[in-house]
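Contents: one structure, followed by commentary.
Number of protein chains: 2
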Amino acid sequence: MKKIPLILMGCGGVGRHLLQHIVSCRSLHSTQQGLFLSVLGVGDSKSLVVAEDLMNKGLSDSFLLELCRVKHGGESLSKLHDFGECRVFVHPESQGKMLEIASQLGKKTGLAFVDCSASSDTTVVLKQVVDMGCCVVMANKKPLTSTMEDFKKLFTYPRRIRHESTVGAGLPVIASLNRIISSGDPVHRIIGSLSGTLGYVMSEVEDGKPLSQVVRSAKSLGYTEPDPRDDLGGMDVARKALILARILGHQINLDSIQIESLYPEEMGPDVMTVEDFLGRGLLLLDKDIQERVEKAASNGNVLRYVCIIEGSRCEVGIQELPKNSPLGRLRGSDNVLEIYTRCYSDQPLVIQGAGAGNDTTAAGVLADIVDIQDLFP
Amino acid sequence: MKKIPLILMGCGGVGRHLLQHIVSCRSLHSTQQGLFLSVLGVGDSKSLVVAEDLMNKGLSDSFLLELCRVKHGGESLSKLHDFGECRVFVHPESQGKMLEIASQLGKKTGLAFVDCSASSDTTVVLKQVVDMGCCVVMANKKPLTSTMEDFKKLFTYPRRIRHESTVGAGLPVIASLNRIISSGDPVHRIIGSLSGTLGYVMSEVEDGKPLSQVVRSAKSLGYTEPDPRDDLGGMDVARKALILARILGHQINLDSIQIESLYPEEMGPDVMTVEDFLGRGLLLLDKDIQERVEKAASNGNVLRYVCIIEGSRCEVGIQELPKNSPLGRLRGSDNVLEIYTRCYSDQPLVIQGAGAGNDTTAAGVLADIVDIQDLFP
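Right, dumping it as structure tokens:
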């Protein structure tokens, strides 16, 4: 039985789902792959719990499920001290402990750091463990979207880093793009709708509904962040675009991406409360969007909020697209990516499906972990 | 620099494109992956050429390109004897030579057998080299669609076999399905249009054109096999469906798949010549298809020739599908696959794009080869 020892960073929604998936896939992984995923430690921003006897065995399944319950209940990881079989380290001591384990195990048995947090704070540790022979699997976009230096450092050993769930959740976007790249098929153009929220918003305003109403219902459906401006500003899409562009070899930073925000600066979080924005701000945006929708329709087109990567161009914003294209036909909150290459020149390679959700995101992370098994002894 | 030594079986269209891709990707593979693909031998049904000093170096790039020219010109591989740096073995001696190389190199340095033929004859060798520590990469569907015993034998070491290009050419169908399986996301249903020819035919008859006319123009466009009945019979789609079903764990054979042929037995190749079928046979089929198209249209549906795998059901044939679904919207010769799972339950994961062509198929094979690099020392 091959063993993949791992440390999970971040145990919010995605991390909890990952632990549950790992536990429920035990027999599948053992039968089909001869594989055992051994969780040595789990950390959040405040603490790290580590298996007591981590050189010999990881945290038990019952411990991991208890951990999920504790976190789901909004309690601190340190509460798990009572449960036994673990040691708890508190920030900033927790970082040192992770590095200590990495240096002990990285080169000897291999060790994967799995980043399911949404924080830049993990970057410091991830950059160091790369040199200690560890693998890195990420759902967290932040470490890959800071400086080019950080990006290059994390990709020092390209086979040892996986990050499918940073773009389109579990959709096979990165895996497919990497296959295209390694087959030498030149990518001419990528265009994609990579935000479920903005996909939903744009297809609803296409039907003539006012933007203000659509955003409010998206919020009440749970499709948006608590402050919908976090979606409407386009920064999340820009981070995904940056990751795709960097994979294609573009040495660019977030600030070189042209980002169109759906709200003006004077309605920003520093100027207006969420309530004000939802109540009064949004109403002021209705007319402009409606006019743009109508103008597009008069050309037989629709509006979509997309990222475009083509040549040295990398931008994020509203585009007028043919109604009769994979992106134009998009309805609801699915993500769609069209990739144009030498092999897919007239008609693109299209990947479409749910691009958000903890379950799907965690599934993508788990597939990445299973996929690096050949790097372990 | 990591080296992947390989032997190519089959150097028709796909194999030739693969060799050209390998040569033109030299600097890409070396820079991005630190990888060198070393072609030790190339065989077809009649002969095998092997690098003279294969323990130390593979066939040179100029030799490989000369080989492509020779094969493209319809000449025998044995002609390459004059070119030097190789030894030529003639069938059946060639098989023994392949096994000899496999036993010498398989466990020591790793060796990949790359099957780009379209023949069942490779199965014998492939089954044996699996036990000698070799990897297998296939575009050839035949060895995976004979008996369950052969299939299981080839999958003895599941990490050492790749076969993306057996379904949908280079489209990331198998890679995506394997990711879904290893993340424990249960597949409820797969429905796909996996024949470019039949995709084209069904979308053209949808527009009211007679089947006979559509098939004739498909043939003149080069979309069909020399005898279009090879496409219209559905056997090629059934082989792809069988591969997908077996990956999902169905222990079934080709004869347990219900296959709908678009022509009746009395128009089969044993009864009617190709010319007769195209001239007179097809005309007799026009009315029935036209009526089915009209009946579907009256329900707001369209007809598609698809494979369906759901529960224990695995069938291939014409289905009435909603006009407004990824499959219903399909036009032309693209392939489309819809995968329904727990994560993709309401809306499927959709993969769409060109699913045929030597260039695309070879690109899929090359991506597979690069992807097994971690198995090599």
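Going down the list, the protein sequences come from chains A and B.
Taking the numbering used here, the leading residue of the first sequence gets 2, the next gets one more, and so forth.
Taking the numbering used here, the leading residue of the second sequence gets 2, the next gets one more, and so forth.
Where a beta carbon is used, it is the ideal one built from N, C-alpha and C, also for glycine.
Can you confirm whether residue i, when its beta carbon is compared against all beta carbons of chain A, has any partner nearer than 8 Å?
{"i": "T361(B)", "result": "yes"}
{"i": "G193(B)", "result": "no"}
{"i": "Q214(B)", "result": "no"}
{"i": "D186(B)", "result": "yes"}
{"i": "G280(B)", "result": "no"}
{"i": "C344(B)", "result": "yes"}
{"i": "D335(B)", "result": "yes"}
{"i": "H18(B)", "result": "no"}
{"i": "L367(B)", "result": "yes"}
{"i": "C117(B)", "result": "no"}
{"i": "H22(B)", "result": "yes"}
Quick check: what's the CA-CA separation for residue i versus residue j?
{"i": "L178(A)", "j": "K4(A)", "result": "28 Å"}
{"i": "D287(B)", "j": "K109(B)", "result": "60 Å"}
{"i": "A52(B)", "j": "K58(B)", "result": "7 Å"}
{"i": "L263(B)", "j": "G234(B)", "result": "6 Å"}
{"i": "S218(B)", "j": "V202(B)", "result": "9 Å"}
{"i": "S121(B)", "j": "G134(A)", "result": "43 Å"}
{"i": "G197(B)", "j": "D335(B)", "result": "6 Å"}
{"i": "C315(B)", "j": "L249(B)", "result": "11 Å"}
{"i": "V43(A)", "j": "V24(A)", "result": "14 Å"}
{"i": "I319(B)", "j": "H30(B)", "result": "43 Å"}
{"i": "R160(A)", "j": "T124(A)", "result": "18 Å"}
{"i": "K210(B)", "j": "T148(A)", "result": "57 Å"}
{"i": "G75(A)", "j": "H82(A)", "result": "16 Å"}
{"i": "R343(B)", "j": "H189(B)", "result": "8 Å"}
{"i": "N325(B)", "j": "Y345(B)", "result": "18 Å"}
{"i": "G356(A)", "j": "T362(A)", "result": "8 Å"}
{"i": "T157(A)", "j": "H164(A)", "result": "14 Å"}
{"i": "D271(A)", "j": "L255(A)", "result": "21 Å"}
How about residue i and residue j: do their beta carbons lie closer than 8 Å?
{"i": "L145(B)", "j": "T167(B)", "result": "yes"}
{"i": "V366(B)", "j": "L19(B)", "result": "yes"}
{"i": "A231(B)", "j": "V275(B)", "result": "The amino acid occupying residue 231(B) in the given sequence is Asp; Ala does not appear at that position. Cβ atoms of D231(B) and V275(B): not closer than 8 Å."}
{"i": "I258(A)", "j": "A239(A)", "result": "yes"}
{"i": "L127(A)", "j": "D116(A)", "result": "yes"}
{"i": "M10(A)", "j": "S118(A)", "result": "yes"}
{"i": "K80(A)", "j": "I244(A)", "result": "no"}
{"i": "L172(A)", "j": "G16(A)", "result": "no"}
{"i": "S380(A)", "j": "E86(A)", "result": "In this structure chain A extends from 2 to 378, so residue 380(A) is not present and cannot be described."}
{"i": "I181(B)", "j": "I340(B)", "result": "yes"}
{"i": "G35(A)", "j": "F377(A)", "result": "no"}
{"i": "D45(A)", "j": "C69(A)", "result": "no"}
{"i": "D375(B)", "j": "D375(A)", "result": "yes"}
{"i": "G333(B)", "j": "G200(B)", "result": "yes"}
Quick check on residue i - is its C-beta less than 8 Å from some C-beta in chain B?
{"i": "L350(A)", "result": "yes"}
{"i": "P173(A)", "result": "yes"}
{"i": "V137(A)", "result": "no"}
{"i": "L304(A)", "result": "no"}
{"i": "L112(A)", "result": "no"}
{"i": "Q252(A)", "result": "no"}
{"i": "S196(A)", "result": "no"}
{"i": "C69(A)", "result": "no"}
{"i": "Q353(A)", "result": "yes"}
{"i": "A364(A)", "result": "yes"}
In the structure shown, what three-state DSSP assignment does residue i receive?
{"i": "F90(B)", "result": "strand"}
{"i": "V51(B)", "result": "strand"}
{"i": "N336(A)", "result": "strand"}
{"i": "G223(A)", "result": "coil"}
{"i": "D116(A)", "result": "strand"}
{"i": "V366(A)", "result": "helix"}
{"i": "R163(B)", "result": "strand"}
Assuming residue i contacts residue j (C-beta within less than 8 Å), just tell me the rounded distance between them.
{"i": "A364(B)", "j": "D186(A)", "result": "5 Å"}
{"i": "L65(A)", "j": "V40(A)", "result": "6 Å"}
{"i": "D369(A)", "j": "V138(A)", "result": "5 Å"}
{"i": "L338(B)", "j": "G169(B)", "result": "7 Å"}
{"i": "V131(A)", "j": "K154(A)", "result": "7 Å"}
{"i": "I162(B)", "j": "I8(B)", "result": "Actually they are not in contact, since the Cβ atoms of I162(B) and I8(B) sit about 15 Å apart, beyond 8 Å."}
{"i": "V317(A)", "j": "C308(A)", "result": "5 Å"}
{"i": "L283(B)", "j": "L212(B)", "result": "6 Å"}
{"i": "A176(A)", "j": "A176(B)", "result": "6 Å"}
{"i": "V71(B)", "j": "E207(B)", "result": "Not a contact, Cβ separation roughly 44 Å."}
Nearer than 7 Å: is that true of the beta carbon of residue i relative to any heavy atom of the ligand PLP?
{"i": "L285(B)", "result": "Only the bare structure without any ligand can be found here, which leaves the ligand PLP out of the picture."}
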